[in-house]
Each structure stands twice: as C-alpha cells, then as structure tokens.
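In the numbering used here, the protein residues as written are 520 to 803. Where a beta carbon is used, it is the ideal one built from N, C-alpha and C, also for glycine. Remember, predicted model here, so these are calculated numbers, not experimental data.
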C-alpha cells in the first residue's frame with residue numbers, strides 16, 4: 520500500500536484573487552470547457568488562459584473556442600491527447616507528466632503571473648486531478664505566483680449519487696473566495712452552458728444542467744490545497760474508482776486507475792523536483 524505524505528495549504532496569502540488591482544492572472548484548465556466554472560470571473564478580469572488536453576477530441580476544443588469567443592477571449596490549447604493520460608497513469612509514467620508540466624512551465628515563464636488558477640482535486644476524474652500537481656511543479660517558473668484551485672464538480676458522501684457543482688467543499692479549512700456575477704455575466708454563462716458547452720453538459724450529468732441561476736451566479740476559488748489529501752477526509756467520494764470498477768464489470772475497460780496505486784505514486788514522482796509553491800506546502 521502506498522502511503523502519501525500529507526501537506527497543508529500555503530501558509531499565507533498576500534493578494535486577494537478578486538482584487539481589482541493590476542494583478543496578472545493565468546488560468547490553467549485540464550480540459551476544454553472547464554473554463555465555464557469561472558465564466559463570469561473571466562469576463563471581468565480577462566486573464567490569459569491555457570488548456571492542457573484536447574478533452575478527448577476536436578469537438579471539445581471547438582466548443583471551448585466558441586464559448587470564449589462569445590465573451591471576447593481566446594485560449595492557448597496545448598492539445599495533449601486526453602486519451603494518452605489514462606494509460607500514462609496506469610504505467611505510472613512520470614516522464615510523460617514531466618513533459619506536460621514542462622510545457623506549462625514555458626507558458627508560466629512567458630506570462631509571469633501574480634496568480635495562477637487551476638482545476639481543483641475533486642476525485643471525479645483522475646486526469647482532471649493531475650492538473651494541480653502539474654501546475655505546482657511548473658510554477659517554479661514564476662516563484663512569486665500564488666496558486667488557487669477552481670472547483671467544477673465532485674460527488675458528496677451522501678447516500679446515492681449526489682454531486683456539488685462549482686463549490687469548494689464546506690468542510691474546507693481554506694476560506695473560499697466568492698465572485699458574484701453581474702446579470703450580464705450570468706446571462707452569458709447560462710447561454711454558454713445551454714447552447715455552446717454541450718459536451719460538458721452531457722458528461723457532467725443532470726445536476727450540471729439543472730444548476731440554478733442563483734448557484735451559477737457565485738463562482739468560488741480557494742488557495743491551493745494538499746494534492747495528496749484523501750477523499751473522505753475532504754467530504755468527497757472517490758468517484759473515479761467506483762466508476763472504473765463498474766466499467767470493468769461491464770467489459771468496457773481492462774484496468775482500473777486507483778488513487779493509492781497509480782495517482783499518488785505518479786504525482787509523487789512528478790513532484791520529486793519540487794517547485795517553490797510545493798516547497799511552501801512542505802514547510803508549513
């Protein structure tokens with residue numbers, strides 16, 4: 520059994536992610552369409568955006584481009600094939616993930632942001648969860664940058680299947696920052712969800728489509744947390760493991776990606792050359 524060392528979040532913050540000061544922000548999302556989680560925030564602050572994978576195909580990228588164009592923005596698409604990430608996790612292919620992180624380092628070095636925002640670790644999808652460790656490693660290219668997590672969807676510990684959309688877990692010791700959308704920003708976000716980001720809507724399930732305007736009108740982010748935290752300790756279900764077991768029983772997949780056997784040893788290897796941000800997690 521692999522036992523992961525636990526780390527706590529960054530010891531202090533010097534800037535507010537919602538500050539109207541002249542702060543340079545960089546958004547890094549694992550998949551196209553994840554930017555919808557901060558669609559109002561993007562409209563207000565107009566940051567640079569980098570998207571790591573192709574999300575499984577050109578259609579996801581097309582929808583992402585269209586969505587961002589609808590609010591006058593564009594992104595840099597690194598276009599790593601999402602389908603390569605799953606076998607890389609099975610193999611514990613550390614050089615593969617180092618290559619991805621090195622590509623992020625180039626983007627971060629060129630941007631020199633004050634703040635970096637990326638996908639939160641939510642135990643919904645193992646590839647999604649690699650984003651934060653990849654960013655922590657790459658953030659050495661901008662040692663003064665603070666890293667924030669952006670929630671998209673996680674399964675709660677409630678009986679049955681229940682998912683929380685675009686919220687940090689309530690038990691978190693990290694105080695989330697809430698951005699309140701204007702009516703114009705909210706309308707643009709709802710239109711994008713319902714008319715543009717159709718692949719994300721289909722994949723995220725009915726709760727995503729049913730999310731009310733009141734919920735979508737608040738976008739949350741929080742300081743980067745421990746990428747090795749265990750699901751139940753964070754109030755979340757390890758969704759991708761039970762889902763993989765079901766798919767294997769159905770004959771859809773041959774191997775299961777586990778957190779203990781695949782994700783953690785891979786991420787430990789990737790973070791062996793630690794960034795300044797990760798060293799701060801270790802020291803706290």
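Nearest-angstrom Cβ-Cβ length linking residue i and residue j, presumed shorter than 8 Å
| i | j | result |
| --- | --- | --- |
| residue 619 | residue 571 | 6 Å |
| residue 641 | residue 671 | 7 Å |
| residue 644 | residue 716 | With a Cβ gap of about 16 Å, residue 644 and residue 716 do not count as contacting. |
| residue 747 | residue 709 | At roughly 36 Å, the Cβ-Cβ gap does not stay under 8 Å, so residue 747 and residue 709 are not in contact. |
Cβ-based burial, residue i [other Cβ within 10 Å; buried from 16]
| i | result |
| --- | --- |
| residue 629 | exposed |
| residue 525 | Because residue 525 carries a pLDDT of 37, less than 50, the predicted location of this residue cannot be relied on, and the following value inherits that uncertainty. Exposed, because fewer than 16 other Cβ atoms sit within 10 Å of the Cβ of residue 525. |
| residue 744 | buried |
| residue 800 | Residue placement at residue 800 is flagged as unreliable, the pLDDT there being 44, under the threshold of 50; a coordinate-derived value is accordingly withheld. |
| residue 554 | buried |
| residue 624 | buried |
| residue 773 | exposed |
| residue 732 | exposed |
Residue closest to residue i, alpha-carbon to alpha-carbon, out of the options
| i | options | result |
| --- | --- | --- |
| residue 631 | 658, 614, 607, 638 | 658 |
| residue 651 | 792, 769, 548 | 548 |
| residue 698 | 742, 559, 546, 636 | 559 |
| residue 683 | 576, 588, 730 | 730 |
| residue 602 | 594, 633, 550 | 550 |
| residue 686 | 736, 604, 762, 707 | 736 |
| residue 741 | 583, 678, 637 | 637 |
| residue 703 | 752, 561, 536 | 561 |
| residue 584 | 765, 711, 606 | 711 |
| residue 701 | 557, 695, 580, 792 | 557 |
(request) Can you check the segment 635 to 698 for any beta strand (DSSP E) of at least 3 residues that lies completely inside it and give the ranges in chain order? (result) 665 to 669, 672 to 674, 682 to 684, all fully within the segment 635 to 698.
(message) My parser needs the beta strand (DSSP E) runs of 3 or more residues fully inside the segment 523 to 588; what are they?
(response) The segment 523 to 588 contains these whole beta strand (DSSP E) runs: 544 to 548, 567 to 572.
(message) Assess contact between the segment 562 to 577 and the segment 592 to 606, defined as three or more Cβ pairs (one per stretch) separated by less than 8 Å. Is contact present?
(response) yes
(request) Can you check the segment 693 to 774 for any alpha helix (DSSP H) of at least 4 residues that lies completely inside it and give the ranges in chain order? (result) 702 to 714, 717 to 723, 725 to 729, 732 to 735, 758 to 768
(message) Going residue by residue through the segment 581 to 634, where are the continuous beta strand (DSSP E) segments of at least 3 residues, counting only ones entirely within it?
(response) 595 to 599
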